[in-house]
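Chemist: Residue numbers (the UniProt record's numbering): 1 to 208.
Every residue gets a Cβ at the ideal spot worked out from N, C-alpha and C, and that includes glycine.
Have a look at this one before I ask anything.
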């Protein structure tokens, strides 16, 4: 299930990120801001549980609490650029990590690190990566988490294209939840999204 989260503020911030003249600090800041805005919309239908508290006036209040653990799992290294923005919204969330790098010739992902927190297998797992290009890294990350027994997994990316979306849907079905801020036009010969953002990892961390 693909959902493109469209909002005027997201579009404005994303335009600033697309500008090649924007510094890595601007790119990183806007990325975190958009991540927060996306998560706010993604969790609109989150089912909370009841919680009673006592107010400063010593009144009992029937309020709300998180029903299940929320875990953000960035695909290293670019996914790290979204984590602060997500945690700013939900401080209680836990963070896992998946280390993958892309072979520049074959464009296939290679795994080098995997670490998940000890949480219930039905926790909300959000795999995080700014770009959904070929979708190979996303598919590999999802398979690893599924193999670990988790069954409530979503993919959150900033910018994607049809090839990546179709790859994920082919592997996990059209009901698998994919969230984007923008669905871009195409992949070029180097498997970069166009018009895209460039290399998100380099632009986040100021490397080349």
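#1: Counting only the same chain and skipping the five closest in sequence on each side, list residues whose C-beta sits under 7 Å from that of residue 96.
#2: Going by DSSP, which residues form a beta bridge with residue 109?
#3: Anyone know if the C-beta pair for residue 139 and residue 167 falls short of 8 Å?
#4: Can you list the beta strand (DSSP E) stretches of 3 or more residues lying completely in the region 43 to 86, in chain order?
#5: Tell me where the alpha helix (DSSP H) around residue 176 begins and ends.
#6: Which residue from 26, 19 and 40 puts its Cα closest to that of residue 7?
#7: Quick check: what's the CA-CA separation for residue 147 versus residue 57?
#8: Among 142, 126 and 121, which one has its Cα closest to the Cα of residue 100?
#9: Which of helix, strand or coil does DSSP assign to residue 142?
#10: In terms of residues, what are the limits of the beta strand (DSSP E) holding residue 126?
#11: Would the beta-carbon of residue 54 fall within 8 Å of that of residue 37?
#12: Please classify residue 163: does DSSP put it in a helix, a strand, or coil?
#13: For a quick check, are the C-beta atoms of residue 165 and residue 131 less than 8 Å apart?
#14: Taking all protein chains shown into account, decide if residue 245 is buried (16 or more other Cβ within 10 angstroms of its Cβ) or exposed.
#15: What are the boundary residues of the alpha helix (DSSP H) that includes residue 204?
#16: According to DSSP, is residue 40 helix, strand or coil?
#17: Roughly how many angstroms separate the alpha carbons of residue 12 and residue 24, rounded to a whole number?
#18: Measuring CA to CA, which of 42, 135 and 49 is closest to residue 191?
Modeler: From the atom records:
#1: 71, 73, 115, 116 and 117
#2: 102
#3: yes
#4: 49 to 54, 60 to 65 and 70 to 76
#5: Segment: none, residue 176 is in no alpha helix (DSSP H) and carries neither H nor E.
#6: 40
#7: 49 Å
#8: 142
#9: helix
#10: 124 to 128
#11: no
#12: helix
#13: Taking 8 Å as the Cβ cut-off, residue 165 and residue 131 do not qualify as a contacting pair.
#14: The structure shown does not extend to residue 245, since the chain is modelled only from 1 through 208, so no value can be given for it.
#15: 200 to 205
#16: In this structure, residue 40 counts as helix in the three-state DSSP scheme.
#17: 17 Å
#18: 135
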